[in-house]
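Residue numbers (the UniProt record's numbering), protein chains in the order written: chain W, 1 to 218; chain X, 1 to 227. Structure record follows, encoded as structure tokens.
Written as structure tokens, this is what we have:
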């Protein structure tokens, strides 16, 4: 049966980047559709009525929402190439725990650095603590999954394209605070799936600068 | 690998702790329940979950698994040959179950929790409206997921039933103290009937706290100082 895979996404979204990477790792051909977040398409509103957010993966007409759920779905539907999650239940639980940690901690804190006035200093200190915890979990492994690039790496790598934004508005230097994490990010970027999915940092920094002007922060 | 002692660090009143307890019951896995004292955290908890310092924590042969829904999936995968499947078998249904479980934690439960915090008539009305909207969404989700069967998971209770059902004790306490019906048979008939079936399930009954006991506990922990 011919597969139809559509991804509703936004180029700068670190969540959308996850799904792009997962699909690329599995060599799945898909139709990428850029959403204007200030003028959402009727397809997006129809496929994700509960949250109205991207990314939305539409597989043969049926929507799957939430990026981490999409990675698991992609791994389960196309199991033969490049496993994204470990097969051992304990290692799977461990991977899911850290992806959940990333979701609960990184974005919420990071957003306060550039999207809220007055909370940058506290938020950037908190972000460094969170990234150090993740760096500690990585240890001296090649990837979070040890020798294999997988779920936790995919969950975090998109944020690395935003590090320049956090450095700028948080007045920090993530590279000097978390050198091992930066080294890990560079290793991930050597993978074609990641290099193609992540926009250049400068593009995101410019986008955020313009957005802040629009919102009246500058 | 099913060998190894199973322990669960938790508390009788926590809905999140209820989730793995129900899953362990479904799989007939014996475990030692390590009750945390309210107001303090044991050394074992802090050592087993240093990132969040929260319950529940499952210890399987002393290896910790944290986060209630992740623990439930772990239990399902580890004891896959015992008892019914806790997660649906088709990847799409699994994605749906995970989606709704996340919605329950991030939106529905947040609405439930803000209801007793509402001050005055306006805030209470708004909180009630928000919860009723979330209930309506879950009523539809139930119809879509259950496909005419008694539970979200089909014939037997599963991941999504557990994810929502664990809050029913607290929902009843909130109804009692607030004086408002929060799960209305008229507005959400399928969900209301499902709630009764869930609470009567043999894997649930032994771990669902009695409403009166929970209400008394709630009074203690939410005791507000007099103005």
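By construction, the Cβ of each residue, glycine as well, lies at the ideal position given by its N, Cα and C atoms.
**OP:** Take residue 226(X) and list the residues in its own chain whose beta-carbon comes closer than 6 angstroms to its own, dropping the five residues that flank it on each side.
**Re:** Low confidence applies to residue 226(X): its pLDDT is 45, below 50, so where it sits in the model is not reliable, and the reading given next is rough at best. Excluding positions up to five away in sequence, the list is empty.
Subject >> Residue interval of the beta strand (DSSP E) (run including residue 10(X)) >> reply: 6-10
Subject >> residue 119(X) in three-state terms, based on DSSP >> reply: coil
Original post:
Where does the unbroken alpha helix (DSSP H) through residue 63(W) begin, and where does it stop?
Top reply: Where residue 63(W) is concerned, there is no enclosing alpha helix (DSSP H), although the beta strand (DSSP E) it sits in stretches over 62-65.
Original post:
Is the Cβ of residue 188(X) closer than 8 angstroms to any Cβ of chain W?
Top reply: no
Original post:
Which class does residue 30(W) belong to by DSSP, given the choice of helix, strand or coil?
Top reply: coil
Original post:
Between residue 63(X) and chain W, is there a C-beta pair that is closer than 8 angstroms?
Top reply: yes
Original post:
Which stretch, first to last residue, makes up the alpha helix (DSSP H) that contains residue 176(X)?
Top reply: 168-178
Subject >> Test: residue 51(X) CB closer than 8 angstroms to a CB of chain W >> reply: yes
Original post:
Counting pairs of beta carbons, one from the segment 100-110 of chain X and one from the segment 160-178 of chain X, are three or more of them closer than 8 angstroms?
Top reply: yes
Original post:
In chain order, which continuous runs of the alpha helix (DSSP H) of length 4 or greater are located wholly inside the segment 93-162 of chain W?
Top reply: 120-138 and 151-160
Subject >> Cβ-based burial, residue 63(W) [other Cβ within 10 Å; buried from 16] >> reply: buried
**OP:** Could you give the DSSP three-state label for residue 66(X): helix, strand or coil?
**Re:** strand
**OP:** Quick one: grab the DSSP three-state call for residue 139(X).
**Re:** helix
Original post:
Under 7 angstroms Cβ-Cβ, which residues of chain W neighbour residue 66(X)?
Top reply: 97
Subject >> Residue nearest to residue 182(X) in terms of C-alpha spacing, selected from 92(X), 130(X), 35(X) and 218(X) >> reply: 130(X)
Subject >> Selection from 2(X), 38(X), 48(X) and 50(X) that minimises the alpha carbon distance to residue 30(X) >> reply: 2(X)
**OP:** Step through the CB atoms of chain W and report whether any lies within less than 8 angstroms of the CB of residue 226(X).
**Re:** For residue 226(X), the pLDDT reaches just 45, beneath the cut-off of 50, and the residue's location in the model is therefore unreliable, although a value from the coordinates is still provided. No, residue 226(X) lies away from the interface with chain W (no Cβ there is under 8 angstroms from its Cβ).
**OP:** Rounded to whole angstroms, what's the CA-CA distance from residue 128(X) to residue 194(X)? Just pull it up for me.
**Re:** 21 angstroms
Original post:
residue 173(X) to residue 180(W), Cα distance in whole Å?
Top reply: 49 angstroms
Original post:
Is it the case that the Cβ atoms of residue 25(X) and residue 206(X) are separated by a distance below 8 angstroms?
Top reply: yes
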